[in-house]
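When we follow the working numbering, the leftmost residue of the sequence shown carries the number 1, and every step to the right adds one. Structure first, then comments.
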Amino acid sequence: MASELPLLEVSGSPSERGRAHGESLGGLIRELVPAFFDDLEQTSKHHDAPVVTKERALAIATS
(Lines of atoms letter the chains of each structure in order from A; the text may use other names.)
(Lines give C-alpha, C1' and ligand atoms only; values in the text may rest on other atoms or scores of the structure.)
Protein backbone atom coordinates (compact mmCIF):
# COMPACT_ATOMS: atom_id res chain seq x y z
CA MET A 1 0.00 0.00 0.00
CA ALA A 2 1.47 3.33 -1.04
CA SER A 3 1.58 6.11 1.52
CA GLU A 4 -0.37 9.26 0.83
CA LEU A 5 1.41 12.50 0.08
CA PRO A 6 0.23 15.35 2.29
CA LEU A 7 -1.88 17.99 0.57
CA LEU A 8 -0.98 21.51 1.59
CA GLU A 9 -2.86 24.59 0.46
CA VAL A 10 -0.91 27.82 0.72
CA SER A 11 -1.50 31.38 -0.39
CA GLY A 12 0.25 34.71 -0.39
CA SER A 13 3.47 35.91 -1.95
CA PRO A 14 6.09 33.41 -3.11
CA SER A 15 8.02 34.07 0.10
CA GLU A 16 4.93 33.54 2.27
CA ARG A 17 4.04 30.33 0.41
CA GLY A 18 7.58 29.02 0.85
CA ARG A 19 7.56 29.81 4.55
CA ALA A 20 4.17 28.11 5.04
CA HIS A 21 5.40 25.06 3.12
CA GLY A 22 8.55 24.81 5.24
CA GLU A 23 6.72 25.35 8.52
CA SER A 24 4.09 22.74 7.70
CA LEU A 25 6.27 20.07 6.11
CA GLY A 26 9.76 20.85 7.40
CA GLY A 27 10.00 17.66 9.44
CA LEU A 28 9.07 15.50 6.47
CA ILE A 29 11.48 17.39 4.21
CA ARG A 30 14.33 16.85 6.70
CA GLU A 31 13.52 13.12 6.78
CA LEU A 32 13.45 12.79 2.99
CA VAL A 33 16.60 14.74 2.07
CA PRO A 34 19.07 12.04 3.21
CA ALA A 35 17.05 9.38 1.36
CA PHE A 36 17.07 11.56 -1.78
CA PHE A 37 20.87 11.89 -1.71
CA ASP A 38 21.32 8.16 -1.07
CA ASP A 39 19.03 7.32 -3.99
CA LEU A 40 20.79 9.83 -6.25
CA GLU A 41 24.19 8.29 -5.47
CA GLN A 42 23.00 4.70 -5.95
CA THR A 43 21.20 5.51 -9.20
CA SER A 44 24.15 7.42 -10.63
CA LYS A 45 26.39 4.36 -10.15
CA HIS A 46 24.50 2.68 -13.00
CA HIS A 47 25.45 5.29 -15.62
CA ASP A 48 28.61 5.95 -17.57
CA ALA A 49 29.34 9.19 -15.74
CA PRO A 50 30.86 10.25 -12.42
CA VAL A 51 28.93 9.09 -9.36
CA VAL A 52 26.85 11.91 -7.92
CA THR A 53 27.50 12.07 -4.19
CA LYS A 54 25.77 14.52 -1.87
CA GLU A 55 28.91 16.66 -1.84
CA ARG A 56 29.15 16.68 -5.65
CA ALA A 57 25.45 17.50 -6.07
CA LEU A 58 25.72 20.43 -3.64
CA ALA A 59 28.88 21.69 -5.36
CA ILE A 60 27.11 21.61 -8.73
CA ALA A 61 24.04 23.33 -7.29
CA THR A 62 26.06 26.17 -5.80
CA SER A 63 28.39 26.77 -8.75
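We put the beta carbon where it would ideally sit given N, CA and C, even for glycine. None of the values given here were measured: they were computed from a predicted structure.
Which of the three DSSP states, helix, strand or coil, is assigned to residue i?
i     : result
GLY12 : coil
PRO6  : coil
SER63 : coil
HIS47 : coil
VAL33 : helix
Give me the residue from the options with the minimum Cα distance to residue i.
i     : options                    : result
PHE36 : THR53, HIS47, GLY22        : THR53
SER3  : LEU28, GLU23, ARG19, GLU16 : LEU28
LEU25 : ALA61, SER63, LEU8         : LEU8
LEU5  : ARG19, LEU32, ALA20        : LEU32
So, at 6 angstroms on beta carbons, what are the nonlocal neighbours of residue i in its own chain, with the 5 sequence-adjacent residues on each side left out?
i     : result
ALA20 : VAL10
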